[in-house]
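Chains as they are written, first to last, in the numbering used here: chain A, 3 to 144; chain W, 3 to 144. Only one structure is covered here, and it is reproduced in the block below.
Protein chains: 2
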Amino acid sequence: MNRFLSNATNRIDAKGRVSVPSMFRAVLARSAVEELYAWQDFVFPAVSMAGPEVLERFERMIGSQDPFSAEANKMSLLIHGGGVFMKLDGEGRLLVTDFIRDFTGITDRVTFAGRGDHFQLWEPAAFEEMQSRARKERTAIS
Amino acid sequence: MNRFLSNATNRIDAKGRVSVPSMFRAVLARSAVEELYAWQDFVFPAVSMAGPEVLERFERMIGSQDPFSAEANKMSLLIHGGGVFMKLDGEGRLLVTDFIRDFTGITDRVTFAGRGDHFQLWEPAAFEEMQSRARKERTAIS
DNA sequence: GTGGTTCCCATTGACGCCCATGGTGGCCCA
DNA sequence: TGGGCCACCATGGGCGTCAATGGGAACCAC
């Protein structure tokens, strides 16, 4: 399958590394992604990651808006000023930096959540809670 | 027959596997489904499964919304982050993961219930109860 | 040098793939 | 119509492979 799906929780080791689930690595490998682009999610306390092509998509979206609008400015600030590049080691692990920890509250375990064209890093409890809340709201609607 | 009908209860083995009823496997084979998309039902304590085309249907629902809205994000969190791909082994069995157990309460036996374009995994007693209740309500209406 | 990384290698536990067995129902034939 | 044979399905278990994790050692930057 060609998109990021499902979720998995992995442990951070003594050096601050965590394995990206093989399922996600397989998706990355399929599109020959070497370097990951990471940014802070606009809605949730999670850090998102994907190949560099999403950066271009964001830029197009910003370009389509009024360049002086508060929205476009905020988005550009997050995308350009707040994004970082990361790469995985030979075993498919990434280093959990303070950039990630501070924004997500992650300490010793990471929940990876697929989001279709990208995936996210969550503090496990926060993910659980947000997901169950989303389900509850959804049930209320239908 | 080209849809999932009726129900059957099978036992989970020591390795946590359970046979998908051959009736259901036949339906999957007919539409050449190799990989199953599984999600937590929005109403019942059951896990639903179907071919990937269901996922695409969900994604179209998300795609019709503003991609930055909280609504679209929450839906994606459920559909992508809460969904799982599963595949059957050579004998047509699937692994009953914690993803399934936690949500359904399944321990050692699984009731498979056909739902037309998909089928569901239930804890046997929960299925019995839900079905008899549905029958009762139905009778009360007519 | 010293701290923080990156590159490699080791371990182990889970999972996928394969073959075996038994039970049941259907079908054929007498 | 009854008995027996056969095929298929549910189930059990062995074993190899791979992913997740842990840790040593080289390497770089300050």
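Every residue, glycine too, gets a C-beta built ideally from N, C-alpha and C. All of these numbers come straight from a predicted model, not from anything done at the bench.
- Between W/I108 and W/L97, the CB-CB gap reaches or exceeds 8 Å.
- When Cβ pairs closer than 8 Å are counted between the two stretches, the stretch 77-89 of chain W is seen not to touch the stretch 77-84 of chain A, the count staying below three.
- For W/F70, the chain A residues whose C-beta falls within less than 7 Å of its own C-beta are F44, listed in chain order.
- Rounded to the nearest angstrom, the gap between the Cα atoms of A/D68 and A/E61 is 13 Å.
- Measuring C-alpha to C-alpha distances from W/E55 to each of W/E139, W/H120, W/E125, W/F129 identifies W/H120 as the nearest.
- In this model, A/I64 and A/L57 are separated by some 11 Å (Cα to Cα).
- Listed by position along chain A, the residues whose Cβ is nearer than 7 Å to that of W/F87 are M3, L7, S8.
- Among the residues of chain A, none has a CB under 9 Å from the CB of W/H120; the nearest is roughly 16 Å distant.
- For A/Q133, the nearest beta carbon of chain W is closer than 8 Å to its own beta carbon.
- For W/A115, the uninterrupted beta strand (DSSP E) segment begins and ends at 111-116.
- Residue pairing for W/S50: DSSP places it in a beta bridge opposite W/W41, W/Q122.
- Interface flag for A/G116 against chain W is set, since a Cβ pair is found closer than 8 Å.
- Taking CB atoms only, W/L80 has a neighbour in chain A less than 8 Å away.
- One alpha carbon belongs to W/R13, the other to W/V45, and they sit about 25 Å apart.
- Between A/A40 and A/S24, the gap from beta carbon to beta carbon reaches 8 Å or more.
- Within the same chain, and ignoring the five residues on either side of A/R32 in sequence, the residues whose Cβ sits closer than 8 Å to its Cβ are N4.
- Relative to the Cα of W/G94, the nearest Cα in the group W/N9, W/L38, W/L7, W/A16 belongs to W/L38.
- For W/D43, the CB contacts under 8 Å within the same chain, skipping 5 residues up- and downstream, are V49, S50, Q122 in chain order.
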